[in-house]
Amino acid sequence: GNGSCACNTARELQSGNEIILATKEVPPQAELPGADKIDSACILSGTRIISCRGCEGDFTVLMERGGKNISKIFSGIVIAEENEKKANYDAYGLKPSPGILPLSSLAGKNILSNTAIINLPKDAKIVFLTGIGYESNPVAAEEIMFVSLMLQRDFNLQTYILTGNLKVAGNGLEKLYRETKIAGTVYFKFTDTAPKILQDNEGNISVELTDEITRLDFRINPALTVVDEFTYPSAYMKELAAVFGLHTGAGGFLQSGNLYRTGIYTNRKGIFVAGPSRAILNTADNLTDSANAAILISGISDKNKEFKVTAAIKSGSCIRCLTCYRCCPYKAIDLDTKPSVMPDACQGCGICFAECPRGAISLDFPDKRRVPAEIRQASDHAKASPLIIAFCCSRSAARAKELAVSMGYKLPDNLKVVEVPCSGFISTEYILSAFQNKAEGVLVLTCHTGNCHSEEGNIFARNRVEHVKNSFSYINIDKKRLEIRTLASNMGYEFAQIADEFENTLKILISEHKYIR
Numbered sequence: 001g002n003g004s005c006a007c008n009t010a011r012e013l014q015s016g017n018e019i020i021l022a023t024k025e026v027p028p029q030a031e032l033p034g035a036d037k038i039d040s041a042c043i044l045s046g047t048r049i050i051s052c053r054g055c056e057g058d059f060t061v062l063m064e065r066g067g068k069n070i071s072k073i074f075s076g077i078v079i080a081e082e083n084e085k086k087a088n089y090d091a092y093g094l095k096p097s098p099g100i101l102p103l104s105s106l107a108g109k110n111i112l113s114n115t116a117i118i119n120l121p122k123d124a125k126i127v128f129l130t131g132i133g134y135e136s137n138p139v140a141a142e143e144i145m146f147v148s149l150m151l152q153r154d155f156n157l158q159t160y161i162l163t164g165n166l167k168v169a170g171n172g173l174e175k176l177y178r179e180t181k182i183a184g185t186v187y188f189k190f191t192d193t194a195p196k197i198l199q200d201n202e203g204n205i206s207v208e209l210t211d212e213i214t215r216l217d218f219r220i221n222p223a224l225t226v227v228d229e230f231t232y233p234s235a236y237m238k239e240l241a242a243v244f245g246l247h248t249g250a251g252g253f254l255q256s257g258n259l260y261r262t263g264i265y266t267n268r269k270g271i272f273v274a275g276p277s278r279a280i281l282n283t284a285d286n287l288t289d290s291a292n293a294a295i296l297i298s299g300i301s302d303k304n305k306e307f308k309v310t311a312a313i314k315s316g317s318c319i320r321c322l323t324c325y326r327c328c329p330y331k332a333i334d335l336d337t338k339p340s341v342m343p344d345a346c347q348g349c350g351i352c353f354a355e356c357p358r359g360a361i362s363l364d365f366p367d368k369r370r371v372p373a374e375i376r377q378a379s380d381h382a383k384a385s386p387l388i389i390a391f392c393c394s395r396s397a398a399r400a401k402e403l404a405v406s407m408g409y410k411l412p413d414n415l416k417v418v419e420v421p422c423s424g425f426i427s428t429e430y431i432l433s434a435f436q437n438k439a440e441g442v443l444v445l446t447c448h449t450g451n452c453h454s455e456e457g458n459i460f461a462r463n464r465v466e467h468v469k470n471s472f473s474y475i476n477i478d479k480k481r482l483e484i485r486t487l488a489s490n491m492g493y494e495f496a497q498i499a500d501e502f503e504n505t506l507k508i509l510i511s512e513h514k515y516i517r
């Protein structure tokens, strides 16, 4: 990383750990916030990350510096690259001028040395523009209110904040809002209207507006206008996402909106994303991320090696098609002389197992159970018709089933649950095998979109279900006999409801002789 969050993280880690702080830029060490507290020998400036192989505890990272390649092995990786900002001049029809400043020019200590502020006469008017016609964010709101408070109290300047939805969903922001009002800041909120902002040839601004509460007209001629900024990931941050194989969120930051990607976690074990690389965060949150990263990185070598579900590739059957490499959400497939699974990186989702066209991948469960055997046993122990085989994700639907039972909901007598590590493990062969073993109906129960630990396991499952259903017309099977639904672990009632409705659908099909068992 190249900013304060990266330096704070490195500083937290350097006690008892060998670290490298790699920055793409070549700034003087004095310009890296907090770098003076880091051993200069640990800082590699002007360094670009080229590639990364391996897994938690054994990452091999190739870097380029000064035209030469450097290869190093790391136990863990933290990405804390700074984001970039662009002033929202266009949103207000403004052009940059000495009397118009971006918010970042006044943030933090910048305000104390800004000549545009120092040279203003007492009681001069300053207008802040934020979130009018677009959504801003709590970090921008905090910076604006903090700067406004300083200008009112310390510089005796009159501030006006013109805003759309003022984002105060953050620690202490409502308190800060009240303090600014007490200090004399005037707020104008716009929902159905917008201020008329005029800029003359010399760059001077005048603002005409109608207060939506009092319906009174106002005209402000500010000595200075401050515009908020659009915050977005840097181009290099996008490069890093590709190099490290990280899933990104809607805004392009290096953390998806997945339920399991809370804090600083990513889809890859041992790779964490902190501060400005994962979201738009304030200084306090950046410091928290740095501390969390230091704790998690330091604990990598202390983890107990427990037996867990992991995939394995049968070398004699593998044809090196690289399907497993492309579909693994955890980047757990290593490509050396032949593809192999890195056990420390594998999360045992089974997506590669189900996608492998040669059946060259195995997945061993801790209790040694076998899914094909469970499917056969379901038909052997069937008590009555209709027999329903439900493939349930262990993190969601299987837990919902347990909750339904504990809550006393009645489930179909002939419902047989096959628990799988992830819905991405449910292959087309397993679905067809259920029908071959006399199931009248098959349920595939997955996590909700965005809740799958494997990110896309539920998507793989849905695609396979649709593929199988499309083939039903050729083999005379009613499509209603196969359903895919989404559940969360706390949805016991919904599990019972889905099972009951599906059983009733099958009973109707049987009564109408839509198929022969």
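Here my numbering is used: the first residue of the sequence shown is 1, the next is one more, and so on.
All residues carry an ideal CB built from backbone N, CA and C; glycine is no exception.
Does the Cβ of residue i have 16 or more other Cβ atoms within 10 Å, making it buried, or fewer, making it exposed?
{"i": "asparagine 171", "result": "exposed"}
{"i": "tyrosine 493", "result": "exposed"}
{"i": "leucine 443", "result": "buried"}
{"i": "isoleucine 197", "result": "buried"}
{"i": "valine 139", "result": "buried"}
{"i": "asparagine 504", "result": "exposed"}
{"i": "histidine 453", "result": "buried"}
{"i": "cysteine 421", "result": "Before going on, a small fix: residue 421 reads as proline here, not cysteine. By the neighbour-count rule (16 or more Cβ atoms within 10 Å), proline 421 is buried."}
Is residue j closer than 7 Å to residue i when the C-beta atoms are compared?
{"i": "arginine 568", "j": "glutamate 208", "result": "Because residue 568 is not part of the residues shown, which for the chain are 1 to 517, the question remains open."}
{"i": "isoleucine 132", "j": "glycine 164", "result": "yes"}
{"i": "alanine 378", "j": "lysine 416", "result": "yes"}
{"i": "serine 75", "j": "glycine 57", "result": "yes"}
{"i": "proline 521", "j": "leucine 506", "result": "The shown model of the chain, from 1 to 517, leaves out residue 521, and the question about it has no answer."}
{"i": "cysteine 352", "j": "cysteine 324", "result": "yes"}
{"i": "serine 277", "j": "alanine 107", "result": "no"}
{"i": "glutamate 419", "j": "serine 394", "result": "yes"}
{"i": "isoleucine 38", "j": "alanine 10", "result": "yes"}
{"i": "alanine 223", "j": "lysine 95", "result": "no"}
{"i": "asparagine 267", "j": "glutamate 455", "result": "yes"}
{"i": "threonine 489", "j": "alanine 400", "result": "Before going further, note that residue 489 is serine rather than threonine in the sequence given. Yes. Within cutoff."}
{"i": "valine 78", "j": "alanine 274", "result": "yes"}
How is the beta strand (DSSP E) around residue i delimited, first residue to last?
{"i": "valine 417", "result": "415–420"}
{"i": "cysteine 52", "result": "47–55"}
{"i": "cysteine 529", "result": "Because the chain here runs from 1 to 517, residue 529 falls outside it and cannot be looked at."}
{"i": "threonine 428", "result": "Taken as a continuous stretch (DSSP letters only), threonine 428 belongs to no beta strand (DSSP E), being part of the alpha helix (DSSP H) at 428–436."}
{"i": "isoleucine 477", "result": "Taken as a continuous stretch (DSSP letters only), isoleucine 477 belongs to no beta strand (DSSP E), as it is neither H nor E."}
{"i": "leucine 363", "result": "361–364"}
With DSSP run on the structure shown, which of helix, strand or coil describes residue i?
{"i": "threonine 231", "result": "strand"}
{"i": "alanine 30", "result": "Residue placement at alanine 30 is flagged as unreliable, the pLDDT there being 49, under the threshold of 50; the coordinate-derived value follows with that caveat. Correct three-state label for alanine 30: helix."}
{"i": "isoleucine 161", "result": "strand"}
{"i": "alanine 87", "result": "strand"}
{"i": "lysine 125", "result": "strand"}
{"i": "glutamine 199", "result": "strand"}
{"i": "arginine 11", "result": "helix"}
{"i": "serine 489", "result": "coil"}
{"i": "leucine 216", "result": "coil"}
{"i": "asparagine 292", "result": "helix"}
{"i": "glycine 441", "result": "strand"}
{"i": "tyrosine 330", "result": "coil"}
{"i": "asparagine 69", "result": "strand"}
{"i": "valine 309", "result": "coil"}
{"i": "isoleucine 43", "result": "strand"}
{"i": "aspartate 344", "result": "coil"}
{"i": "valine 61", "result": "strand"}
{"i": "phenylalanine 74", "result": "strand"}
{"i": "alanine 250", "result": "coil"}
{"i": "alanine 22", "result": "strand"}
If you compare alpha carbons, which of the options is closest to residue i?
{"i": "aspartate 154", "options": "Lys479, Leu112 and Tyr134", "result": "Leu112"}
{"i": "alanine 91", "options": "Asp478, Val226 and Tyr260", "result": "Val226"}
{"i": "alanine 360", "options": "Ala242, Lys86, Ser340 and Cys346", "result": "Ser340"}
{"i": "phenylalanine 188", "options": "Thr266, Asp217 and Glu202", "result": "Asp217"}
{"i": "serine 433", "options": "Thr9, Ala496 and Glu374", "result": "Glu374"}
{"i": "leucine 151", "options": "Ser298, Glu174 and Asp123", "result": "Asp123"}
{"i": "glycine 3", "options": "Leu13, Ala22, Gln14 and Asn17", "result": "Ala22"}
{"i": "arginine 462", "options": "Lys85, Glu483 and Ser471", "result": "Glu483"}
{"i": "serine 423", "options": "Arg395, Lys438, Asn458 and Leu403", "result": "Asn458"}
{"i": "alanine 345", "options": "Ala294, Ile389 and Lys269", "result": "Lys269"}
{"i": "lysine 167", "options": "Ala183, Phe502 and Ile280", "result": "Ile280"}
{"i": "leucine 13", "options": "Pro33, Cys42 and Val26", "result": "Cys42"}
Between which two residues does the alpha helix (DSSP H) containing residue i stretch?
{"i": "leucine 176", "result": "173–183"}
{"i": "threonine 191", "result": "First-last for threonine 191: undefined, no H or E at that position."}
{"i": "phenylalanine 272", "result": "Looking at the DSSP string, phenylalanine 272 is not in any alpha helix (DSSP H); the run it does join, the beta strand (DSSP E), is 271–273."}
{"i": "alanine 354", "result": "351–355"}
{"i": "threonine 210", "result": "First-last for threonine 210: 205–210, but that is the beta strand (DSSP E), not the alpha helix (DSSP H)."}
{"i": "leucine 149", "result": "138–154"}
Could you tell me if the beta carbon of residue i falls within a distance shorter than 6 Å of some heavy atom in the ligand PLP?
{"i": "alanine 439", "result": "In terms of ligand content, the structure shown is empty, and the ligand PLP therefore cannot be addressed."}
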